[in-house]
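If you want our numbering, it's the 1-based position in the sequence shown plus 1.
Beta carbons are placed, not taken as given, at the ideal position from N, Cα and C, and that holds for glycine.
Reviewing the structure listed below.
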Amino acid sequence: MKSSTLHSVWSAPDNTRLTSKQYSFRLPVHVAAKIAALCEMYPSRTKTEIVGDLLSSAIDEFLAGLPYVQGKYVGTDHETGEEIHLDAGPEAMFWKLADKHYREIEREMGNEDPPSLYEALRKPKSAE
Numbered sequence: 002m003k004s005s006t007l008h009s010v011w012s013a014p015d016n017t018r019l020t021s022k023q024y025s026f027r028l029p030v031h032v033a034a035k036i037a038a039l040c041e042m043y044p045s046r047t048k049t050e051i052v053g054d055l056l057s058s059a060i061d062e063f064l065a066g067l068p069y070v071q072g073k074y075v076g077t078d079h080e081t082g083e084e085i086h087l088d089a090g091p092e093a094m095f096w097k098l099a100d101k102h103y104r105e106i107e108r109e110m111g112n113e114d115p116p117s118l119y120e121a122l123r124k125p126k127s128a129e
């Protein structure tokens, strides 16, 4: 999610699934004031939705700034002739760890056989 799309997201209906686990943390005063302002601007959204969307946007922007590290060669694309390599480096590590935690959280919520995070993020909206 890009920060430039948050206004559109917050103006539309929401059907996001939430974890059963709650997260609690203290914020700097100026950040708390900004979140309160956003909650007042978008009263149809909960504080949880706004903070979650802001975190999602920040994580996406962080990942976009990570350097690409080409890993081991695994083959060639038959259609384009381009070489295919495994991903390596910090982004690959992030997705491996995020997938591990995603599956753990899904199991805590009763889904005994969750898909990978990569598959879940790319699931067509019509399939939900």
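{"Query": "Strand pairing of threonine 47, partner residues [DSSP]", "Result": "Its beta-bridge partners do not exist; DSSP assigns none."}
{"Query": "Boundaries of the beta strand (DSSP E) in which histidine 86 is found, first to last residue", "Result": "84–89"}
{"Query": "Per DSSP, cross-strand counterpart(s) of glutamine 71", "Result": "Asp88"}
{"Query": "According to DSSP, residues forming a beta bridge with threonine 77", "Result": "Glu84"}
{"Query": "Three CB pairs or more closer than 8 Å across the stretch 65–82 and the stretch 35–51", "Result": "no"}
{"Query": "Check whether glutamate 92 and leucine 56 have beta carbons under 8 Å apart", "Result": "no"}
{"Query": "Classification of leucine 67 by the beta-carbon crowding that lies within 10 angstroms, buried from 16 upward", "Result": "exposed"}
{"Query": "Other residues of its chain near serine 127: CB distance less than 7 Å, five sequence neighbours each side excluded", "Result": "Residue placement at serine 127 is flagged as unreliable, the pLDDT there being 45, under the threshold of 50; the coordinate-derived value follows with that caveat. Closer than 7 Å at the Cβ level, and outside the excluded window around serine 127, lies no residue."}
{"Query": "Boundaries of the alpha helix (DSSP H) in which leucine 39 is found, first to last residue", "Result": "30–42"}
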